[in-house]
Amino acid sequence: MSRSTSDRRGLAALALLAALALGCEDGRCVRHSDCAQPLSCLATRCAIPPTDADTGVADTAVVDTAVVVDAPLGTDTTVADTVVADVVADGGASTDAAEDAAAADAAMDATGD
Amino acid sequence: MSSLASPFAFGALVAAEILLAAAVSEAQTQAPTQFHSIALSGASGLSLGSSGGGNSYATHTPVYVDVAWRTWHSTTPQWVTGFSLRAEVDGRTSVGVVPRFEFSRSVGRLTLRPGVAAAIFFAPYVLAGPEASVTFDLRLGSVVSLIGALSVDVFFLGNDVPARSVLFATNGALGVAIHL
Chain A
1 MSRSTSDRRG LAALALLAAL ALGCEDGRCV RHSDCAQPLS CLATRCAIPP
51 TDADTGVADT AVVDTAVVVD APLGTDTTVA DTVVADVVAD GGASTDAAED
101 AAAADAAMDA TGD
Chain B
1001 MSSLASPFAF GALVAAEILL AAAVSEAQTQ APTQFHSIAL SGASGLSLGS
1051 SGGGNSYATH TPVYVDVAWR TWHSTTPQWV TGFSLRAEVD GRTSVGVVPR
1101 FEFSRSVGRL TLRPGVAAAI FFAPYVLAGP EASVTFDLRL GSVVSLIGAL
1151 SVDVFFLGND VPARSVLFAT NGALGVAIHL
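Chains as they are written, first to last, in my numbering: chain A, 1 to 113; chain B, 1001 to 1180.
Below is the structure:
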């Protein structure tokens, strides 16, 4: 009985050592340098670093570029509306400014029509 | 009278010379001497990251190599100072310095050196914190010794530490030292 318990403990120790030897589980981290660029270590997981609330530039820019590239060709209003939706989803501080700009863009288009 | 004094004078001179030679020899062996050693070791261990949200995760410490220089004075051989050049070579490449201060205690061929240090990685990122260690130095000859070390680090400074996180590391090292 005690030998069996001892064996189990030994196996558990070996499993722990093997797990440690294999290194980080995918996506887990204890330091930023554990993560591939451009990810950072947030709460022991590799993730896209949050953007600065004052500018909201990096995250928004990536999403907006993707939307513009993937969006079907259409009017300026369509593109502007899509961008506004993404910015709102991001919840950044730049939301109001972008929304105003898009609204103005749409208004200009409507006036032009 | 002089014929009697002469053997005594000669004997006294010989005795004085012997005493003087012994004194000089003792003075030479006790002359203040600065000792140095260079050690090369490799190390790894267990790292535990703990974030403010209650999340924690443990993984192996990236393997690093450590080139350590130590020095001590013959008048105070129990106090050892020095520093290491340290480089992580496992999954990333980084370099740092580790200034240290140790207390040395010899038991036969084995020397134990508990000490404190500051581990400071400075390139390509910054990671710094205090380190406590115990080094075992087993003399294999007059020049070479086998060394091992156990250390505990607490990293909380630098841009490699996630926000509101502390990184604990317990590592073991093995290497050789050359006494100069």
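The C-beta atom is built at its ideal place from N, Cα and C for all residues, glycine as well.
If you're wondering where the values come from, they're calculated on a predicted model, not measured in any experiment.
Between the options, which lies nearest to residue i when the distance is taken from Cα to Cα?
i: Thr1061 of chain B; options: B:Phe1168, B:Glu1131, B:Val1176; result: B:Phe1168
i: Ser1084 of chain B; options: B:Val1143, B:Leu1048, B:Pro1077, B:Tyr1064; result: B:Tyr1064
i: Ser1094 of chain B; options: B:Phe1101, B:Thr1111, B:Arg1086; result: B:Arg1086
i: Arg28 of chain A; options: A:Cys46, A:Pro38, A:Gln37; result: A:Cys46
i: Gly1115 of chain B; options: B:Gly1091, B:Arg1109, B:Asp1153, B:Leu1019; result: B:Asp1153
i: Val1126 of chain B; options: B:Phe1155, B:Arg1100, B:Gly1049; result: B:Phe1155
i: Gly1096 of chain B; options: B:Glu1102, B:Gln1078, B:Phe1103, B:Ala1118; result: B:Ala1118
i: Phe1103 of chain B; options: B:Gly1172, B:Val1089, B:Gln1078, B:Arg1109; result: B:Gln1078
i: Ile1204 of chain B; options: B:Ile1038, B:Pro1124, B:Ala1123; result: Chain B is shown from 1001 up to 1180; residue 1204 of chain B falls before or after that span and cannot be answered.
i: Arg1109 of chain B; options: B:Gly1054, B:Leu1146, B:Gly1011; result: B:Leu1146
Please look up how many angstroms separate the CB atoms of residue i and residue j, rounded, as I've assumed it's under 8 Å.
i: His1036 of chain B; j: Leu1150 of chain B; result: No, His1036 of chain B and Leu1150 of chain B are not in contact; Cβ-Cβ is about 23 Å, not under 8 Å.
i: Val1144 of chain B; j: Val1107 of chain B; result: That pair is no contact at about 19 Å.
i: Arg1105 of chain B; j: Thr1135 of chain B; result: That belief does not hold up - the Cβ atoms of Arg1105 of chain B and Thr1135 of chain B are roughly 11 Å apart, past 8 Å.
i: Gly1141 of chain B; j: Leu1174 of chain B; result: The Cβ separation is near 18 Å, so there is no contact.
i: Gly1091 of chain B; j: Ala1128 of chain B; result: Actually they are not in contact, since the Cβ atoms of Gly1091 of chain B and Ala1128 of chain B sit about 20 Å apart, beyond 8 Å.
i: Val30 of chain A; j: Leu1138 of chain B; result: Not confirmed; about 33 Å, so no contact.
i: Thr1059 of chain B; j: Pro1032 of chain B; result: About 47 Å separates the two Cβ atoms, so there is no contact after all.
Under a Cβ-count criterion, where at least 16 other Cβ atoms within 10 Å of its own Cβ denotes burial, should residue i be classed as buried or exposed?
i: Arg9 of chain A; result: exposed
i: Thr1111 of chain B; result: buried
i: Leu1040 of chain B; result: exposed
i: Ser1165 of chain B; result: buried
i: Ser1051 of chain B; result: buried
i: Phe1121 of chain B; result: buried
i: His32 of chain A; result: buried
i: Pro1162 of chain B; result: buried
i: Ala89 of chain A; result: Note that Ala89 of chain A scores 40 on pLDDT, short of 50, meaning its location in the model is unreliable and no value can be drawn from it.
i: Val1089 of chain B; result: exposed
i: Ala98 of chain A; result: In this predicted model, Ala98 of chain A has a pLDDT of only 42, less than 50, meaning its place in the structure is not dependable; the value taken from the coordinates is given anyway. It counts as buried.
i: Gly1011 of chain B; result: exposed
Run the proximity test for residue i: is its beta-carbon closer than 7 Å to any non-hydrogen atom belonging to the ligand ADP?
i: Ser40 of chain A; result: Among the components modelled here there is no ligand, and therefore nothing to report on the ligand ADP.
Please report how far the alpha carbon of residue i lies from the alpha carbon of residue j, in whole angstroms.
i: Gly1042 of chain B; j: Pro1130 of chain B; result: 19 Å
i: Ser1056 of chain B; j: Leu42 of chain A; result: 11 Å
i: Ala1009 of chain B; j: Leu1019 of chain B; result: 15 Å
i: Glu1017 of chain B; j: Val1080 of chain B; result: 38 Å
i: Gly1082 of chain B; j: Gln1034 of chain B; result: 13 Å
i: Pro50 of chain A; j: Gly1045 of chain B; result: 31 Å
i: Asn1171 of chain B; j: Ser1133 of chain B; result: 9 Å
i: Ala36 of chain A; j: Arg1100 of chain B; result: 32 Å
i: Thr44 of chain A; j: Asp34 of chain A; result: 10 Å
i: Ala1068 of chain B; j: Val1098 of chain B; result: 9 Å
i: Gly1054 of chain B; j: Ala1123 of chain B; result: 29 Å
i: Asp26 of chain A; j: Asp1160 of chain B; result: 19 Å
i: Leu1013 of chain B; j: Thr1071 of chain B; result: 42 Å
i: Ser40 of chain A; j: Asp1066 of chain B; result: 27 Å
i: Pro38 of chain A; j: Asp7 of chain A; result: 44 Å
i: Ala1015 of chain B; j: His1073 of chain B; result: 34 Å
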